[in-house]
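One structure is given below, encoded as C-alpha cells.
There are 2 protein chains.
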Amino acid sequence: MSLTVPSARRDEIVAAARQILEKEGPSNLTMRALAERLEMRAPSLYKHVADKDELEALLIAEALRGMGEALHAALEGLPSRGSKKRALATLARAYRTWALAHPHLYRLATEGELPRALLPDGLEAWTAEPLVRVTGDADRARAAWAFAHGMTILELDGRFPPSADIDAAWEAGTASLSVA
Amino acid sequence: MSLTVPSARRDEIVAAARQILEKEGPSNLTMRALAERLEMRAPSLYKHVADKDELEALLIAEALRGMGEALHAALEGLPSRGSKKRALATLARAYRTWALAHPHLYRLATEGELPRALLPDGLEAWTAEPLVRVTGDADRARAAWAFAHGMTILELDGRFPPSADIDAAWEAGTASLSVA
DNA sequence: GTCTATAGTGGGATAGAC
DNA sequence: GTCTATCCCACTATAGAC
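Order-wise, the sequence lines are chains A and B.
Those letters in the first sequence? Residues 39 to 218, per the working numbering, in order.
Those letters in the second sequence? Residues 39 to 218, per the working numbering, in order.
Written as C-alpha cells, this is what we have:
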C-alpha cells in the first residue's frame, strides 16, 4: 500500500480510529477494534492502510493540523502591534486548551519519535509557526515550547499534586519567558 | 508478596532489571528476560516481587533517588549566598546531565502516572526540594520543572531538528525564568 | 525458593478464495 | 475490496511438585 493515495474509505477508517483513540485511549486502538467499529474484518483494513504505523501517522497529522489551527486562530484575534508577552500568554492558553480537549491525540502527536517520513511536508513547521512568530527567535521558541509541553504533559499525567495551582504556574512561566 | 519486605535476592532482581532497562530499553524489560539474566525461570520472580508494577515502582524509586542526589549535589557546590539565577542554571545542567545519562530510567520515572502508593514516603518531595529552594515558590518551581522536563523529553525523543542549538534553548529558558 | 507446565490474553499481520 | 482461516508472536501470571 503506497503512502499518500487518498481514498474515501481510508478517510472513514482514520475518522473511526480517531474516535476510538479519543474516547477509549491508545490501548484500545487495535486493528481488531477498529475493524469492529467499521463493521468489517481486521484483515480488510490492510487494503487501505499499510500497517498500524501508517494509521498512527495519519492521526498525528490530524493532531498537528488541529493544534496548528488553534494556535493560528488564537493569534488572529490579537492586535498585530500588541504586546508580545500578552501574545505568548494567549498562545499558551490556546495550546493548553486544545491539549486538554484532546489528551490522547495530544499524547500521540507529542510523545515518542515523530514519524516525519510519513507526514505531509511542512506540516510540523506550520503548526509551530505561531510560536516562532511570537518569540521572534528559534531558541526562545524552543524554550517556550518545552515549557508548554512540560506543563501540559505533567498535567495530563497527574504529576502535579491536587493542591497545585496550575493556572498560576502557567502564569509564572509565560510572564517570565522572554519574547522578541 | 508484601510491599516493603527487603530481601537481598530482591535487590539483585532490581539491579538486574535496571541493567536491562538502561541498556536495552523498556520493551526488553520483560519478566522472562529478567529471569534469564538471573539464570532462573520467570515464575520464580513472583516469589520476590508481587508483579511487574511493583518491580517498576522499585526502579522508579531508584531513579528518583539518583536524580535527587544529582540535584542536591549540584547545589552543594554553590556559594549559599550566590545568585539564584546562577543556581537555577546549575540545577538545570545537573538535571539534563542525569537524564541524558539514564534516558530509560528518566522516562520511566517521569512519564505516565506516578505509582505514589508504592513509593517511599517523602521521596518525591525530596527529589524536588532543590528546585523549590532555588525558585523560592511552588508556582515558579512547577514552571521551572515543566521547562526542564519539556526540554529533556523533547531532546530524548529527537523532537528538535539536528540544526537546533539545544544548549542555547536551555540558556534562553533558565536565563529568563524567574527565581526568588 | 526453585522448578515444570501451562493457562489466559492479546496483539499485528498474511494467504488465498470469492 | 471483502471475507475466512490462521499464523506467529509476546507477555503476565498461576498451580502444584520438589
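Idealized CB from N, CA, C, for every residue including glycine.
Does the beta carbon of Thr135 of chain A come closer than 8 angstroms to any beta carbon on chain B?
Closer than 8 angstroms: no.
Using beta carbons (cut-off 8 angstroms, strictly below), is His142 of chain A in contact with chain B?
So no, His142 of chain A is outside the interface.
Taking Arg48 of chain B and His86 of chain B to be in contact with their CB atoms under 8 angstroms, please state how far apart those CB atoms are, rounded to whole angstroms.
Here Arg48 of chain B really is in contact with His86 of chain B; their C-beta atoms are around 5 angstroms apart, less than 8 angstroms.
CB contact check: Ala206 of chain A to chain B, cutoff 8 angstroms
Yes, contact with chain B.
Start and end residues, alpha helix (DSSP H) containing Asp49 of chain A
That run of the alpha helix (DSSP H) goes Ala46 to Glu62.
Taking C-beta pairs closer than 9 angstroms, name the residues in chain B that Asp195 of chain A reaches, listed in chain order.
Thr148, Glu149, Gly150, Glu151 and Leu152, listed in chain order.
For Pro84 of chain B, count neighbouring Cβ atoms within 10 angstroms of its own Cβ and tell me buried if that reaches 16, exposed if not.
At residue 84 of chain B the sequence reads Tyr, which differs from the Pro that was named. Tyr84 of chain B should be labelled exposed.
Quick one: what's got a C-beta closer than 6 angstroms to Val52 of chain B's C-beta in the same chain, skipping five residues either side?
Leu96.
Tell me whether Thr247 of chain A is buried or exposed, calling it buried when 16 or more other Cβ atoms sit within 10 Å of its Cβ.
Given a span of 39 to 218 for chain A in the structure shown, any question on residue 247 of chain A remains unanswerable.
Cβ pair Pro64 of chain B, Leu146 of chain B closer than 8 angstroms:
It is a contact, given that the beta carbons lie within the stated cut-off.
Element boundaries [alpha helix (DSSP H), containing Ala112 of chain B]
For Ala112 of chain B, the uninterrupted alpha helix (DSSP H) segment begins and ends at Lys90 to Glu114.
N- and C-terminal bounds of the alpha helix (DSSP H) containing Glu162 of chain B
First-last of the alpha helix (DSSP H) with Glu162 of chain B: Leu161 to Thr173.
Return the chain-ordered list of same chain residues with a C-beta closer than 7 angstroms to the C-beta of Ser216 of chain A, the five sequence neighbours on each side being excluded.
Closer than 7 angstroms at the Cβ level, and outside the excluded window around Ser216 of chain A, lie Arg178.
Ala99 of chain A touches chain B at which residues, Cβ-Cβ below 9 angstroms?
Within chain B, not a single residue places a beta-carbon under 9 angstroms from that of Ala99 of chain A; the smallest gap is close to 16 angstroms.
Check this for me: beta carbons of Leu116 of chain A and Thr128 of chain A, under 8 angstroms apart or not?
It is a contact, given that the beta carbons lie within the stated cut-off.
Which residues in chain A have a C-beta closer than 8 angstroms to the C-beta of Ala181 of chain B? List them in chain order.
Those within 8 angstroms of Ala181 of chain B in chain A are Phe185, Met189, Ala207, Trp208, Ala210, Gly211 and Ser214.
Along chain A, in chain order, which residues have C-beta atoms closer than 7 angstroms to that of Asp203 of chain B?
Here the neighbours are Asp177.
Give the C-beta separation of Arg124 of chain B and Leu161 of chain B to the nearest angstrom, bearing in mind that I take them to be a contact with Cβ-Cβ under 8 angstroms.
Not confirmed; about 27 angstroms, so no contact.
Closest by C-alpha distance to Ala166 of chain B, when choosing among B:Leu72, B:Ala101 and B:Lys61
Ranked by Cα distance from Ala166 of chain B, the options B:Leu72, B:Ala101 and B:Lys61 are led by B:Ala101.
Between Gly196 of chain A and Glu151 of chain B, how many whole angstroms is the CB-CB distance? I'm expecting something under 8 angstroms.
Confirmed, about 6 angstroms.
When DSSP labels each residue in this structure, what does Ala202 of chain A get in the three-state scheme?
In the structure shown, the three-state DSSP call for Ala202 of chain A is coil.
Name the chain B residues that come within less than 7 angstroms of Leu192 of chain A, Cβ to Cβ?
Neighbours of Leu192 of chain A on chain B, chain order: Ala184 and His187.
Leaving out five residues before and five after His142 of chain B in sequence, what residues of the same chain have Cβ atoms less than 8 angstroms from its Cβ?
Cβ neighbours of His142 of chain B beyond the five flanking positions: Leu59, Glu60, Gly63 and Pro64.
Ala202 of chain A and Arg180 of chain B look like a contact to me (Cβ under 8 angstroms); what is the Cβ gap, rounded to whole Å?
In this structure Ala202 of chain A is in contact with Arg180 of chain B, their Cβ atoms being roughly 6 angstroms apart against a cut-off of 8 angstroms.
For Ser216 of chain B, does the three-state DSSP call read helix, strand or coil?
In the structure shown, Ser216 of chain B sits in coil (DSSP, three-state: anything other than H, G, I, E or B).
Are Ala184 of chain B and Gly211 of chain A close, meaning C-beta to C-beta below 8 angstroms?
Yes.
If you draw a straight line from the C-alpha of Ala54 of chain B to the C-alpha of Ala88 of chain A, how long is it?
Rounded to whole angstroms, Ala54 of chain B to Ala88 of chain A spans 38 angstroms at the Cα level.
Integer-rounded CB distance, given that Thr190 of chain B should sit under 8 angstroms from Ala137 of chain B:
Contact flag correct, Cβ pair sits at about 5 angstroms.
Where does Arg56 of chain A land, buried or exposed, given buried means 16+ other C-beta within 10 angstroms?
Buried is the call here.
Thr68 of chain A, enclosing alpha helix (DSSP H) - first and last residue
Run containing Thr68 of chain A: none; DSSP gives neither H nor E here.
Our contact map puts Glu92 of chain A next to Leu156 of chain A with C-beta atoms below 8 angstroms; I'd like the distance itself, whole angstroms only.
Between Glu92 of chain A and Leu156 of chain A, the beta carbon gap of about 6 angstroms places them in contact (Cβ cut-off 8 angstroms).
Pick helix, strand or coil for Leu76 of chain B, following the three-state DSSP scheme.
The answer is coil: DSSP assigns Leu76 of chain B none of H, G, I, E or B.
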